[in-house]
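One structure is given here, and the rest of the page talks about it.
Numbering (the working numbering), first residue to last: 412 to 573.
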C-alpha cells in the first residue's frame with residue numbers, strides 16, 4: 412500500500428462517520444510531515460451550516476494545529492473532488508498538494524466543472540493526484556444515494572397507504 416492509499420484510507424474512515432449520521436459520506440485528512448494533523452467529515456445537516464464540509468472542517472483544525480492560516484507543506488486527502496468553496500479555501504490556505512478519491516462531475520472544482528486548483532490567475536496552485544482508491548470512494552457515494560432513494564421511495568409508499 413502506498414502512502415497516498417494509506418492516508419486516503421483515513422479519509423474514507425472519516426467519510427464513513429458522515430454516512431453513519433446520515434450526511435453525504437465525504438471525508439478529509441490533512442497530513443504534515445507524514446502525520447495526520449487534522450480530520451474532518453461532512454456535517455452540513457447536523458450542524459445546520461453550509462460551511463461544514465469535510466475540507467473546511469479539516470482546514471480549520473489544521474490551521475489551529477499549525478498556528479498559521481498557511482498550510483504550506485501539507486497534503487490534503489479528500490474522498491470527493493472539492494466544490495468551489497472548498498477549492499477556494501485550499502487555494503487560500505496555500506495547500507500545495509491535494510489527493511482526491513473520486514471526481515464530482517456536477518460540482519467539482521479540481522477539473523470537473525472548473526479547475527480552481529490550477530488557475531494560473533491565482534497566486535497559488537495545488538498539485539493534484541486523482542483517483543487514489545477512487546473506486547472505493549465512488550462506490551461509497553453510489554451506495555449512500557441509492558439507500559437515500561430507497562428510503563424516499565419507501566416513505567412515499569407508506570404515505571400512500573395512510
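Beta carbons are placed, not taken as given, at the ideal position from N, Cα and C, and that holds for glycine.
Source: prediction; values computed, not measured.
- Classified as exposed, residue 567 has fewer than 16 neighbouring CB atoms from the shown chains inside 10 Å of its CB.
- For residue 419, same chain residues with a beta-carbon under 7 angstroms away, outside a window of 5 residues either side, are 488, 510, 512, 543 and 544 in chain order.
- Spanning the alpha carbons of residue 437 and residue 540 requires a straight line of approximately 17 angstroms.
- When the alpha-carbon of residue 493 is set against those of 412, 469 and 553, the nearest one is in 469.
- Three or more Cβ pairs closer than 8 angstroms define a contact, and the stretch 441 to 453 meets that threshold against the stretch 415 to 432.
- Sequence-distant partners of residue 461 (beyond 5 residues in either direction) whose C-beta falls short of 7 angstroms from its own C-beta, in its chain, are 455.
- Around the C-beta of residue 490, 16 or more other C-beta atoms lie within 10 Å, and the residue is accordingly described as buried.
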